[in-house]
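Here's the structure, in structure tokens; my notes come after.
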Amino acid sequence: MEVHKKLLNSVDRCVDEALEGIVSSNGGLALLRGHRVVLRSDLEHLKGKVALLSGGGSGHEPAHAGYVGRGMLSGAVAGAVFSAPPPGSVLAAIMALWQSGASGVLLLVKNYTGDRLNFGLAAEKARAQKVPVDMVIVNDDCAFTQPSKAGRRGLCGTVFIHKLAGALAEEGCPLDVIVAQVSKAAKNIGTLGVSLSPCSVPGYLPSFQLPPGDMELGMGIHGEPGIKRSKMASADEVVKTMVDHMTDPSSQSHLSLKSGDRVVLCVNNLCALSGLEMAVVTKAAINCLKGRGVVVTRVMSGSFMTSLEMAGVSLSLMKVDEEMIRLFDAKSTAPAWPNLSSVCVSERKWFIEPAERPPTSEMNLVQGPFAAVARPVLESVCKTLLQRQDELNALDRGAGDGDCGNTHALAAKAIQEWMQTNAIPGSPSLLLTALAGLLEEKMGGSSGALYSLFLTAAAPHLSKSNDAPDWAKAMHAGTEAMKRYGGAVPGDRTMLDALCPAVEELMKLSTVPPALHIGVLQAAVEKSEVGAESTRDLTARAGRASYVASDQLTQPDPGAVAVAAILRTVFEVLKGKRQ
341 MEVHKKLLNS VDRCVDEALE GIVSSNGGLA LLRGHRVVLR SDLEHLKGKV
391 ALLSGGGSGH EPAHAGYVGR GMLSGAVAGA VFSAPPPGSV LAAIMALWQS
441 GASGVLLLVK NYTGDRLNFG LAAEKARAQK VPVDMVIVND DCAFTQPSKA
491 GRRGLCGTVF IHKLAGALAE EGCPLDVIVA QVSKAAKNIG TLGVSLSPCS
541 VPGYLPSFQL PPGDMELGMG IHGEPGIKRS KMASADEVVK TMVDHMTDPS
591 SQSHLSLKSG DRVVLCVNNL CALSGLEMAV VTKAAINCLK GRGVVVTRVM
641 SGSFMTSLEM AGVSLSLMKV DEEMIRLFDA KSTAPAWPNL SSVCVSERKW
691 FIEPAERPPT SEMNLVQGPF AAVARPVLES VCKTLLQRQD ELNALDRGAG
741 DGDCGNTHAL AAKAIQEWMQ TNAIPGSPSL LLTALAGLLE EKMGGSSGAL
791 YSLFLTAAAP HLSKSNDAPD WAKAMHAGTE AMKRYGGAVP GDRTMLDALC
841 PAVEELMKLS TVPPALHIGV LQAAVEKSEV GAESTRDLTA RAGRASYVAS
891 DQLTQPDPGA VAVAAILRTV FEVLKGKRQ
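Numbering-wise, the sequence shown is residues 341 to 919 according to the numbering used here.
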């Protein structure tokens, strides 16, 4: 077992440097010289109001300094990592708040022995100096079915109390009223955590070990092991297990929760879960509660009380009424407090319906000369792409991830399925638009986007007429769009090296008589094939191949080869139609 790597300057100074970093980056915060105490920088606004002080060991950032600000805490006292702050610093913070003109000081303390003792000692010393001080202990942990004499631990639910007390204090409520209201609220909060990995105090080994594939239920925020170890499960299953345990009536530390209850939910990242995982867990928690008939009024999702580098999450629930929701919604300048919506989560619509597509009746589905040509062209192109799937994959293995053939095969199969259930529109513009949407949805990857972009940009140029020069202009518009948005140009070793020479040749269709059009088309196809072959000697400057060393790129670009094959197939079908 090894000591975890941490990006620090000094193990001994890491707490002080972290506090300096938090304060230096937030204009509303200041440090109390000589102490690990963060205070509001506008202490003059506390005059006549109750000041709120919290704190605890470091390593739980943004708790607690991140919750210092108007509408939340007036100050926060930091201890060493995972250690209670010394009573001398707690007392210094109390006196600084009192001397700023506060009418009293309320200590909001998590239920850990060291925190209770040191905050309690400071409170007694402050009272001896005639400072009105009171203390509320938060013990929201739902892990233990039969808590020890030490009681339930204080966890992330403490942040709820910071917010409610802060709103009451900002409104000018007296100390005894705030104590009564937040004490009542604290009895209706429950928290439970699950860990996927341990954490480690800087300079020390991890506090416990988790075998691969295991998770720990009910651990605390100081790296102490939980109450139960089990195999990893899905997010939905883990969330259900957590909520079941938190609300189990047979547990002495459960949160009583029934259908119709209104709650605030906090999904707290213990540190190392990705944003993607957090979003999935948040959805699972909301759905789990709604499935029980619980009304989720507000949701906090993010890092609010962490445990160093631990990978895990905790769920906190607070039962609320309208007055508590009002206090919860009150504005705060605390830097770590999220900018939450004030709309009830359970009662809002999650989706906005997309704009309706034009009805099919608006499409020209008359089976005319164009449809009679377009269908065999599409059928032959799809056949060609499926036949050359393995060849394109092989070409792509040296330059990308080896799936160019698969991607084009997806497009071919999607077009084949579409033609089985759809008539070919009588308008080329409508056909290109339909194919653009199909490839965007079914083909995937950058190839799907490029083909869709090409077809989308080309389609408007065929809306009024569709003679040969119009097709040339349409293809020119498509290639220009690919260059504009894709960032590549001819010579960058992409499909444009096959497409652009062909389009340049096709532009001659506007100056030659119709009898020579097939010759121009043949020349365009040949230039496309030459362009595709030339990519063998080009340096990739765009796409995934641009990250591969040039000496490893010895085959033609697969995208360019695919374009040349498509154009060759179109030409052969059209030539056959003329004969």
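We treat Cβ as the ideally placed atom computed from N, Cα and C, and that holds for glycine.
Same chain only: Cβ atoms within 7 Å of residue i, ignoring 5 sequence neighbours per side
| i | result |
| --- | --- |
| Ile561 | His400, Leu495, Met645, Ser647 |
| Thr673 | Gly368, Gly409, Arg410, Gly411 |
| Lys723 | none |
| Gly553 | Lys571, Met572 |
| Pro809 | Leu849, Ser850 |
| Gln862 | Phe911 |
For residue j and residue i, believed in contact at Cβ under 8 Å, the rounded distance
| i | j | result |
| --- | --- | --- |
| Ile501 | Val519 | With 8 Å as the limit, Ile501 and Val519 do not qualify as a contact, their Cβ atoms being about 11 Å apart. |
| Pro472 | Leu413 | About 18 Å; that fails the 8 Å criterion. |
| His748 | Ala902 | 5 Å |
| Val860 | Leu878 | With a Cβ gap of about 26 Å, Val860 and Leu878 do not count as contacting. |
| Leu508 | Leu667 | 6 Å |
| Gln592 | Pro487 | 6 Å |
| Leu446 | Asp474 | 5 Å |
| Ala711 | Ala651 | Not quite, the Cβ-Cβ distance comes to about 58 Å (not below 8 Å), so this is no contact. |
| Leu334 | Ser574 | The shown model of the chain, from 341 to 919, leaves out residue 334, and the question about it has no answer. |
| Ser590 | Thr485 | 7 Å |
Rounded separation between residue i and residue j - CA only
| i | j | result |
| --- | --- | --- |
| Arg908 | Ser868 | 9 Å |
| Glu781 | Glu844 | 29 Å |
| Phe548 | Ala821 | 57 Å |
| Met835 | Asn366 | 50 Å |
| Leu392 | Leu359 | 19 Å |
| Glu357 | Lys580 | 40 Å |
| Met847 | Glu866 | 15 Å |
| Met703 | Ser767 | In this predicted model, Met703 has a pLDDT of only 48, less than 50, meaning its place in the structure is not dependable; the value taken from the coordinates is given anyway. Those two C-alpha atoms are separated by around 8 Å. |
| Thr926 | Phe911 | Nothing can be reported for residue 926, as the shown portion of the chain is limited to 341 through 919. |
| Lys389 | Cys628 | 40 Å |
| Ser596 | Ala483 | 14 Å |
| Gly491 | Gly419 | 22 Å |
| Glu662 | Trp438 | 32 Å |
| Gly497 | Phe459 | 19 Å |
| Pro565 | Met559 | 5 Å |
| Ala462 | Tyr452 | 16 Å |
| Asn762 | Cys840 | 31 Å |
| Lys598 | Glu577 | 20 Å |
| Met618 | Gly512 | 37 Å |
| Ser443 | Lys387 | 7 Å |
| Ala872 | Asn733 | 16 Å |
| Tyr825 | Leu371 | 50 Å |
Where residue i falls: helix, strand or coil (DSSP)
| i | result |
| --- | --- |
| Arg876 | helix |
| Lys450 | strand |
| Met650 | coil |
| Met640 | strand |
| Ala420 | strand |
| Lys580 | helix |
| Ala370 | strand |
| Arg569 | strand |
| Leu726 | helix |
| Met618 | helix |
| Gly558 | coil |
| Gly397 | strand |
| Lys659 | strand |
| Leu392 | strand |
| Ile665 | helix |
| Val478 | strand |
| Val541 | coil |
| Cys840 | helix |
| Asn608 | strand |
Cutoff 6 Å; reference residue i; Cβ partners in own chain excluding five residues on either side
| i | result |
| --- | --- |
| Leu779 | Ala751, Gly788, Tyr791, Ser792 |
| Val417 | Val377, Gly395, Pro425, Ser429, Val430, Ala433 |
| Gly454 | Ala424 |
| Thr875 | Arg833, Asp837, Pro896, Asp897, Ala900 |
| Lys813 | His801 |
| Val406 | Rather than Val, the amino acid found at residue 406 in this sequence is Gly. Closer than 6 Å at the Cβ level, and outside the excluded window around Gly406, lie Pro675, Ala676. |
Residues near residue i by beta carbon distance below 8 Å, same chain, minus five either side
| i | result |
| --- | --- |
| Val421 | Cys354, Val355, Gly397, Ser398, Gly399, Val541, Pro542, Leu648 |
| Ile665 | Arg602, Val604, Thr637, Arg638 |
| Leu550 | Ser535, Leu536, Ser537, Pro538, Glu556, Arg569 |
| Gly785 | Asp743, Thr747 |
Open item on the list: With a threshold of 8 Å, are at least 3 pairs of Cβ atoms found where one atom belongs to the stretch 677-695 and the other to the stretch 522-532?
Closed with: no
TODO: Could you tell me whether the stretch 769-788 touches the stretch 796-806, using the rule of 3 or more Cβ pairs below 8 Å?
DONE: yes
Open item on the list: Pairs of beta-carbons, one from the stretch 626-640 and one from the stretch 598-616, closer than 8 Å: are there three or more?
Closed with: With three or more CB-CB distances shorter than 8 Å, the stretch 626-640 counts as touching the stretch 598-616.
Task: Cβ contact (3+ pairs, closer than 8 Å) linking the stretch 392-399 and the stretch 422-430 - done: Enough Cβ pairs lie closer than 8 Å, so yes.
Task: Segment contact flag, the stretch 529-542 with the stretch 580-596, C-beta cutoff 8 Å, min 3 pairs - done: yes
Open item on the list: Within 8 Å, do at least three Cβ pairs link the stretch 379-388 to the stretch 536-545?
Closed with: no
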